[in-house]
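Sequential numbering from 1380 applies to the sequence shown in this note's numbering. For every residue, glycine included, the Cβ atom is placed at its ideal position computed from N, Cα and C. Keep in mind that this is a model prediction, so the values were computed, not measured. These notes concern the structure reproduced below.
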Amino acid sequence: MSTTLTRQSLTLSERPKPRKATYFVQTWGCQMNEEDSEQMALYLEQIGLTPSDSIGEAQVILLNTCSVRKKPEDKAFSMLGELAFVKRARPDTVIGVCGCMAQLRAKEIHQRAPHVDFVVGTGNLSEIPVLVQEAMLNQAFQVRLDLPERSGAIVSDMPIRHVGREAKLKAYVPIQYGCDKFCTFCIVPTTRGRERSRPTADILDEVRRLADTGTKEVTLLGQTVNSYGKNMLEGKVPFSELLYLVSKVDGIERIRFTSPYPRDFKSDVIQAIRDIPQVMEQVHMPLQAGSNSELKRMKRLYTLESFSDIVAEVRESIPSCSISTDLIVGFPGETEEEYQGTLQAVRDFRFDGAYMFAYSPRPGTPAGTWDDQIAPDVKKHRINELITLQNGIMAEINQAQVGKEFEVLIESQTNKNKAMVQGFSRCFRLIQLEGPPDRIGRIAKVKATKGLRAGLVAELI
Ligand code: SF4
1380 MSTTLTRQSL TLSERPKPRK ATYFVQTWGC QMNEEDSEQM ALYLEQIGLT PSDSIGEAQV
1440 ILLNTCSVRK KPEDKAFSML GELAFVKRAR PDTVIGVCGC MAQLRAKEIH QRAPHVDFVV
1500 GTGNLSEIPV LVQEAMLNQA FQVRLDLPER SGAIVSDMPI RHVGREAKLK AYVPIQYGCD
1560 KFCTFCIVPT TRGRERSRPT ADILDEVRRL ADTGTKEVTL LGQTVNSYGK NMLEGKVPFS
1620 ELLYLVSKVD GIERIRFTSP YPRDFKSDVI QAIRDIPQVM EQVHMPLQAG SNSELKRMKR
1680 LYTLESFSDI VAEVRESIPS CSISTDLIVG FPGETEEEYQ GTLQAVRDFR FDGAYMFAYS
1740 PRPGTPAGTW DDQIAPDVKK HRINELITLQ NGIMAEINQA QVGKEFEVLI ESQTNKNKAM
1800 VQGFSRCFRL IQLEGPPDRI GRIAKVKATK GLRAGLVAEL I
């Protein structure tokens, strides 16, 4: 849906040229949102804006919101409240709300925060430059909320991405948008629309440009990334084939991807991880719950047994591969037995990492309307117990790495000790080691000397 309350059409020459204006993009949520924010920054820089370090000083403020849980929505509304004071003090400030909450709650945003100039959903990012320019001319509140109703290929209207922006050692490359799975707890198919894949040529072009500017590691992003390539105009391109194609780009030394959907995680992808040197030995595969009855209510299209088969095949084919996951406790109707099933799955699979959440009902999802919601104190108890269990397992796994050798891409100095640098191993363990900052950007061979809960300390070999 596109709504324009009052709108005159402006020719390009009539639009303001915000040569000295600055912008600030505040981001909540997942890597896809981070990537969208990069895209927004690129659009704003194309019309002459420059980044500001401070939200309070920027002339154009975009809030890129998340609706996956209630907390980031509350934070966005709280920030909108604070921005009312900014707008009062500096009426020429342009405020836009983008992302998943924008897609879902445009009317409410306008009612609760009338100082917002425009609301843009996830499918209309390319309209941001025009909306900013029109807001600078005091156009009325505008809304853009178009999403494709069908799965298929993306007819890409993106500008050339990453060009003219700061060079990056690591970069996200979106390859697929939206989702067709409709899990009963998830709002993503509503906020991001049906599943669409980017043309392979566009992806490879972007990876080449990144490599030319010094990027060594790319992470291919998609809501269900291994569903890439269906319904494309150029014909089906399996995800495993895309991994081979990206690995042929000169200069790209590391390839990761997130997040695969378990049902579609087939042997060809496991073989690609095993056989392509640039593809890192790391799989982040969301389990969500440890019982088939709960998985069924979540409308996850796999069973505990089929998930277990994939884990076994990955571990047999690639023993050094780490496996991490996402877990939810306190889903509506979750019995003590189902919850114990999740704890047991965590003990059995011994994940190398996990994002763990207490279920938060989302308006617009089936599970959000069910009346067997779990009491907050039960959810709190369950999430605390789950986190304690998983943290203990991670500490044991990391302790068992002491004495092993790893290859680390050194990315930054550590926060606490400037004599230390850090980066991730091929299997995505965070590794810290002594060393000067001039090691940043290099791949080093190290040996682990100490296991921490959240990573390893190592020394150069
Ligand atoms: S697979 Fe399920 S949880 Fe993941 S984005 Fe799609 S609907 Fe949401």
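Starting from the C-beta of residue i, find all residues in its chain whose C-beta is less than 6 angstroms away, skip the five residues before and the five after it, and write them out in chain order.
i       : result
Gly1814 : Val1800
Thr1569 : Gly1743
Met1735 : Leu1706, Leu1765 and Ile1766
Arg1386 : Any answer about Arg1386 is weak, because its pLDDT of 32 lies below 50 and its placement is not dependable; what the coordinates show is given next. Nothing listed; no residue qualifies.
Glu1660 : Ile1697, Ser1699, Cys1700, Arg1805 and Cys1806
Leu1599 : Val1552, Ile1554 and Phe1636
Glu1424 : none
Leu1680 : Arg1642
In chain order, what residues of the same chain have a beta carbon less than 7 angstroms from the beta carbon of residue i, not counting five sequence neighbours either side?
i       : result
Val1628 : Leu1583, Val1586, Arg1587 and Ala1590
Tyr1605 : Reading the sequence as shown, one finds Asn at residue 1605 and not Tyr. If we look at Asn1605 and ignore the five residues flanking it on each side, its Cβ neighbours are Phe1618, Pro1639, Tyr1640, Asp1643, Phe1644 and Val1648.
Phe1561 : Pro1568 and Lys1678
Ile1819 : Ile1789, Glu1790, Ser1791 and Val1800
Leu1466 : As written in the sequence, residue 1466 is Lys, which differs from the Leu given in the question. Once the five neighbours on either side are set aside, the close Cβ partners of Lys1466 are Thr1472, Ile1474 and His1494.
Val1458 : Val is not the amino acid found at residue 1458; the sequence shown has Met there. Gln1405 and Leu1442, listed in sequence order.
Return the CA-CA distance between residue i and residue j, expressed in angstroms with no decimal places.
i       : j       : result
Arg1448 : Gln1482 : 15 angstroms
Asp1525 : Val1499 : 9 angstroms
Glu1673 : Thr1501 : 30 angstroms
Asp1817 : Leu1768 : 38 angstroms
Met1380 : Glu1487 : Caution applies to Met1380, whose pLDDT of 36 falls short of 50 and renders its modelled position unreliable; the model cannot decide the point.
Gln1780 : Lys1615 : 40 angstroms
Thr1682 : Ser1670 : 8 angstroms
Glu1713 : Gln1719 : 10 angstroms
Lys1795 : Gly1802 : 15 angstroms
Gly1709 : Glu1715 : 10 angstroms
Glu1684 : Ala1746 : 24 angstroms
Ala1724 : Ser1687 : 9 angstroms
Lys1829 : Thr1406 : 34 angstroms
Ile1434 : Lys1454 : 15 angstroms
Tyr1607 : Lys1547 : 25 angstroms
Tyr1623 : Ala1823 : 24 angstroms
Phe1520 : Met1611 : 36 angstroms
Ile1634 : Ala1550 : 10 angstroms
Val1522 : Ala1837 : 51 angstroms
Arg1676 : Phe1456 : 31 angstroms
Ala1485 : Glu1632 : 42 angstroms
Lys1595 : Lys1399 : 33 angstroms
Ala1827 : Asp1559 : 42 angstroms
Arg1821 : Thr1603 : 31 angstroms
His1489 : Gln1518 : 14 angstroms
Val1690 : Val1825 : 27 angstroms
Phe1785 : Gln1657 : 15 angstroms
Val1662 : Ser1646 : 13 angstroms
Gly1601 : Val1693 : 21 angstroms
Gly1427 : Glu1413 : 21 angstroms
Cβ of residue i within 7 angstroms of any heavy atom in the ligand SAH?
i       : result
Tyr1640 : Absence of the ligand SAH is noted for the structure shown, with the ligand SF4 being the only ligands found.
If you check the beta carbons only, do residue i and residue j fall under 8 angstroms apart?
i       : j       : result
Ala1437 : Phe1464 : no
Gly1834 : Arg1808 : yes
Arg1573 : Gly1593 : no
Ile1702 : Asp1731 : yes
Gln1650 : Pro1711 : no
Val1787 : Ile1810 : yes
Thr1704 : Ala1733 : yes
Tyr1738 : Lys1758 : yes
Thr1472 : Ser1431 : no
Thr1579 : Leu1621 : yes
Ile1655 : Ser1626 : yes
Glu1452 : Met1480 : yes
Ile1566 : Arg1729 : no
Residues in the same chain with beta-carbon distance under 8 angstroms from residue i, minus the five sequence neighbours each way, listed in chain order, please.
i       : result
Arg1832 : Asn1770, Met1773, Ala1774 and Asn1777
Leu1504 : Asp1415, Gln1418, Met1419, Tyr1422 and Cys1477
Gly1475 : Val1439, Ile1440, Leu1441, Leu1442, Val1495, Asp1496, Phe1497, Val1498, Val1499, Ile1507, Leu1510, Val1511 and Ala1514
Thr1390 : Because Thr1390 sits at a pLDDT of 44, beneath the cut-off of 50, its placement in the model cannot be relied upon, and the point is left open.
Lys1450 : Ser1739
Cys1409 : Cys1445 and Val1447
Which runs of the beta strand (DSSP E), 3 residues or longer, sit entirely within the segment 1564 to 1619? 1596 to 1600
Go through the segment 1724 to 1752 residue by residue and report every complete run of the alpha helix (DSSP H) that reaches 4 residues or more, in order. 1745 to 1748
Which runs of the beta strand (DSSP E) fall wholly inside the segment 1399 to 1432 and span at least 3 residues, in chain order? 1401 to 1406
When a residue counts only if its C-beta is closer than 6 angstroms to some heavy atom of the ligand SF4, which residues count, in chain order? Cys1558, Lys1560, Phe1561, Cys1562, Cys1565, Val1567, Pro1568, Gln1602, Thr1603 and Tyr1640
Going residue by residue through the segment 1649 to 1681, where are the continuous alpha helix (DSSP H) segments of at least 4 residues, counting only ones entirely within it? 1671 to 1676
For the segment 1683 to 1724, list the alpha helix (DSSP H) runs that are entirely contained and at least 4 residues long, ordered along the chain. 1683 to 1696
Note down, one range per segment and in chain order, each beta strand (DSSP E) of at least 3 residues found wholly within the segment 1431 to 1469. 1439 to 1444
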